[in-house]
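There are 2 protein chains.
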Amino acid sequence: MGKGTLLYAQSGGVTAVINATAGAVIEAARARKIKVLAARNGILGALREDLVDTSRESAAAIRALAHTPGGAFGSCRYKLKSLEEDAAKYERLLAVIKAHDVRWFLYNGGNDSADTALKLSTLAESSGYPLTCIGVPKTVDNDLVVTDCCPGFGSAAKYTAVSVAEAALDVAAMADTSTKVFVYEVMGRHAGWLAAAGGLAGQGKDEAPHVILFPEVAYDEAKFLARVEAVVKRVGYCVVVVSEGLRHPDGGFVADAGAGKDAFGHSQLGGVGPLLAATVKDRLGLKVHWTVPDYLQRSARHLASRTDLAHAQAVGRKAVEYALKGMNGVMPVIVRSSHAPYRWTIAPAPLAKIANHEKTMPKGFIDASGYGITAACRRYLTPLVKGEAPPPYGPDGLPKYVRLALKPVAKKLPAFG
Amino acid sequence: MGKGTLLYAQSGGVTAVINATAGAVIEAARARKIKVLAARNGILGALREDLVDTSRESAAAIRALAHTPGGAFGSCRYKLKSLEEDAAKYERLLAVIKAHDVRWFLYNGGNDSADTALKLSTLAESSGYPLTCIGVPKTVDNDLVVTDCCPGFGSAAKYTAVSVAEAALDVAAMADTSTKVFVYEVMGRHAGWLAAAGGLAGQGKDEAPHVILFPEVAYDEAKFLARVEAVVKRVGYCVVVVSEGLRHPDGGFVADAGAGKDAFGHSQLGGVGPLLAATVKDRLGLKVHWTVPDYLQRSARHLASRTDLAHAQAVGRKAVEYALKGMNGVMPVIVRSSHAPYRWTIAPAPLAKIANHEKTMPKGFIDASGYGITAACRRYLTPLVKGEAPPPYGPDGLPKYVRLALKPVAKKLPAFG
């Protein structure tokens, strides 16, 4: 039996800083002379024995991960079921892990990957193989429990706050003869954290955004339209931030009304943003514009938050530390001790407390109108978007994002499935 | 008769750097002890005698215009007709101009405002009033003739190139189990300049974007789908950049098919981006995501091009210089003398040659497939997106954008209209 290797994988929607976590993991392991393998496309790479040897990447390339968005090793949307239902797959994972002398497995993702890491650690333990499994947090949705916030969120939040502020200046300039209402759709299917971040764009009376629609507050069309109309009358224009996860009182997604098929049977890929814009146009007769930034909000490394980058790197380094200490089934989480000045540390938390849970916005973060954020919410969010961490730019005017060599590790097992 | 004042106004869609032009105009005039009035909401402010006294703004506020997006004095979408049809309005403009001792009028906009400035100069001349009218270029569409490029375009182009590059890294990471095709919709109703800028995101074989759809090339659905399918097969995913102005062979906008009313009589505000995404989903059965950045692409001062900023300030300074020299009916345009190293100067061009013309992409800038840009196009575009010019950020993590005091000038005339 050799010295052992560390296996790292990325899972779920990627972020502007998940590669910064990867870089921190690899650098921390290299400093301890531990070899890091990376699975391609998350847990699927482990199932397929499709592994990358990170020791063949240069130090400069690994350093450049800190300023490169996307997921350098590929990610996946793939949820393993229970140990019983997916027994063959878990056995396969363990076989690959054993074949490559993996002693430490770090799975970088959200709820689902915390769950996978937890199950794998249980299986290894019961089979007597010494494997330490660590969940490493990441999600722009900021919906993991226990941790104060999630790496990836701060940068998406900063992107949202800055973009709303910039677009609002545009709308203000055009409103006299053109666009009166601007609708900005943010990600967050179940939680309004990114919608709330849009609220950081302004704070004085009547500053944009004037209306925020959270998944946590049931949509009331009449009330919404009345508010938009009143804002336009008072301010001259109205900026609306809406979460993709906005719901009707019956729990159905508002966006679903805009999706479906048209009269010719063609799909309509309606977002809630264009749908609300159409409602405002039809019912209030106002000129509208709308935006759906989609992946731009989670890949905008050019506008990353320095705080978020620091979090992403810290959880990577701590994950390696916890792994080597044999702290099985934990996640390094962010603990806040002070808002201003912002103080935080990393601490281990049991995966069992995190897997399959979801953190929505607390009631105290949404104001009495249901359309804005409170001072408490602002106090929570502000440190997370604070500080800039621009990537280096090349002579072509574009950021110098790295592409890894991704040298494959030789397979030792027959193909699976 | 006094020393005379200079009247400045902003017109049409605003940009990330039109305020930089405004700041340069005001600073250049201040240096020559000329008082600058600004019309609110473009030419409408002149018609309404709704003027701002810029001498009451601090030097720091005027300096901050260089890093503030939007249109600080308000813009408008309002086209005056011919001197005959809109005789009363032109007479009113001249009356306001005379009442405020305006000797120099600088109109900062695109085709239409060049036309307005030209007509006003003709009228003033024929009425014997000594007024010098200057058109100052601005448009993210880059579609003004004579000038090598338009201030505002370089920053929108940089935003587009960087955002396409970042989103492409996201898609590449997700493609194994999730999104295979990503559609990015850019502005440009009549010209493909911003679509072309998306092409700067990659240049090696099979680097994103893999398909660019220009307004200058008629849309062929079958050919487009075949190409997307082939790219997905070869690369694993496909990034498409599409201009909002994409047209069918008969000249109709493709986006119009996605607009209109649904079965309930509700408006569908379809962009061409979601429409193409739905087509790919229906016809190829591939998972798609799409983005419509809309105003974000023209207000993203946080990602402005340093070259573009320099252009915007230079045309402002030169406009004042030309005005004071009495060079009536001209526009300061950008003249390129070398691609690399990039060399440029500002020269005067007659408004008569610019008004009401439109510059589309030359044939030599679109490659033989019709879906990509040529080396010549890249040579043209690269200097325009080169260099960064980030705004200062506050302790709240947001750019420190300025709001002017906008102190009104006392009215001297009865209300109009």
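Chains as they are written, first to last, in the numbering used here: chain A, 1 to 417; chain B, 1 to 417.
All residues carry an ideal CB built from backbone N, CA and C; glycine is no exception.
Of the residues the options, the one placed nearest residue i, counting alpha carbons only
i: B:G252; options: B:H190, B:S305 and B:A222; result: B:H190
i: A:N111; options: A:V288, A:A323 and A:K138; result: A:K138
i: B:G74; options: B:Q313, B:P395 and B:D50; result: B:D50
i: B:V320; options: B:A168, B:I26, B:K3 and B:K407; result: B:I26
i: A:H357; options: A:N328, A:Y8 and A:S113; result: A:S113
i: A:V183; options: B:G316, B:P293, B:L131 and B:K180; result: B:P293
i: A:D396; options: B:G285, B:A197, B:I62 and B:G245; result: B:A197
i: A:G42; options: A:K386, A:G364, A:Y78 and A:P332; result: A:Y78
i: B:E221; options: B:G199, B:T279 and B:P274; result: B:T279
i: A:T307; options: A:A20, A:G4, A:V14 and A:G199; result: A:A20
i: A:I346; options: A:E85, A:A39 and A:P151; result: A:P151
i: A:K412; options: A:V96, A:G71 and A:L47; result: A:V96
i: B:G417; options: B:A46, B:L7, B:A38 and B:L6; result: B:A46
i: B:D403; options: B:C76, B:H67, B:V315 and B:L44; result: One detail in the question is off: residue 403 of chain B reads as Arg in this sequence, not Asp. Considering only alpha carbons, the answer is B:H67.
i: B:R234; options: B:A39, B:L381, B:A175 and B:G370; result: B:A175
i: B:I134; options: B:L6, B:M361 and B:Y371; result: B:L6
i: B:V330; options: B:A355, B:W344 and B:L309; result: B:A355
DSSP three-state assignment for residue i, whether helix, strand or coil
i: B:E49; result: coil
i: A:M1; result: Residue placement at A:M1 is poorly supported in this model, since its pLDDT is 48, which falls under 50; the coordinates still yield a value, given next. Reduced to three states, the DSSP call for A:M1 is coil.
i: B:I34; result: coil
i: B:V102; result: strand
i: B:G135; result: strand
i: A:V217; result: coil
i: B:E321; result: helix
i: A:M174; result: helix
i: A:R439; result: Residue numbering for chain A in the displayed model covers 1 to 417; residue 439 of chain A lies beyond these limits and cannot be assessed.
i: A:Y78; result: coil
i: B:T15; result: coil
i: B:E388; result: strand
i: A:H289; result: strand
i: A:Q10; result: strand
i: A:R63; result: helix
i: A:S55; result: helix
i: B:F253; result: strand
i: B:E85; result: coil
i: B:G109; result: strand
Any non-hydrogen atom of the ligand MG closer than 8 Å to residue i Cβ
i: A:S126; result: In the structure shown, the ligand MG is absent, as is every other ligand, since no ligand is present at all.
Local Cβ density within 10 Å of residue i, reported as buried at 16 or more and exposed below that
i: B:S127; result: exposed
i: A:M1; result: With a pLDDT of only 48 at A:M1, under 50, the local geometry of the prediction cannot be trusted, and no value is derived from it.
i: B:S163; result: buried
i: A:D115; result: buried
i: B:E166; result: buried
i: A:D141; result: buried
i: B:E216; result: buried
i: B:D206; result: exposed
i: A:A410; result: exposed
i: A:Y8; result: buried
Supposed contact pair residue j and residue i - C-beta distance, whole angstroms, cut 8 Å
i: A:A201; j: A:A195; result: Incorrect: roughly 12 Å between the Cβ atoms, too far for contact.
i: B:P383; j: B:H339; result: 7 Å
i: B:P299; j: B:A16; result: Here residue 299 of chain B is Ser; the residue named in the question, Pro, does not match the sequence. Their Cβ separation, rounded to whole angstroms, is 6 Å, which keeps B:S299 and B:A16 in contact under 8 Å.
i: B:R56; j: B:K407; result: 4 Å
i: A:N328; j: A:S121; result: 5 Å
i: A:P391; j: A:K400; result: 7 Å
i: A:K180; j: A:L303; result: About 28 Å; that fails the 8 Å criterion.
i: B:L276; j: B:L118; result: The Cβ separation is near 39 Å, so there is no contact.
i: B:I334; j: B:T147; result: 5 Å
i: A:L37; j: A:V102; result: 7 Å
Short-range partners of chain A found in the stretch 271-293 of chain B, where Cβ spacing is below 8 Å = The stretch 271-293 of chain B vs chain A, Cβ under 8 Å: G271, P274, A277, A278, T279, K281, D282, V288, H289, W290, T291, V292 and P293.
Using a Cβ-Cβ cut-off of less than 7 Å, list which residues of the stretch 217-249 of chain B approach chain A; keep chain order.
-> Listed by position along the chain: nothing, the set is empty.
Using a beta-carbon distance cut-off of less than 9 Å, what residues from the stretch 26-42 of chain A approach chain B?
-> For the stretch 26-42 of chain A, which is checked against every Cβ of chain B, the residues closer than 9 Å are R40, N41 and G42.
With 9 Å as the C-beta to C-beta threshold (strictly closer), list the residues of the stretch 76-107 of chain B near chain A in chain order.
-> Of all residues in the stretch 76-107 of chain B, only C76, R77 and Y78 place a beta-carbon less than 9 Å from a beta-carbon of chain A.
Using a Cβ-Cβ cut-off of less than 7 Å, give me the residues of the stretch 303-335 of chain A that come near chain B, in sequence order.
-> Interface annotation for the stretch 303-335 of chain A against chain B: L303 and S305, criterion Cβ-Cβ distance under 7 Å.
Residues from the stretch 128-153 of chain B in contact with chain A, defined by Cβ distance under 9 Å = Within the stretch 128-153 of chain B, no residue qualifies.
Residues from the stretch 63-75 of chain B in contact with chain A, defined by Cβ distance under 9 Å | Hits within the stretch, in order: T68, P69, G70, G71, A72, F73, G74 and S75.
Listed in chain order, which residues of the stretch 171-185 of chain A have Cβ atoms closer than 9 Å to some Cβ of chain B?
-> Cβ contacts with chain B come from V171, A172, A173, M174, A175, D176, T177, S178, T179, F182 and Y184.
When you check each C-beta in the stretch 378-389 of chain B against every C-beta of chain A, which residues fall closer than 7 Å?
-> Answer in chain order: T382, V385, K386, G387 and E388.
Using a Cβ cut-off of 8 Å, which residues of the stretch 400-414 of chain A contact any Cβ in chain B, in chain order?
-> Here the close residues are Y401.
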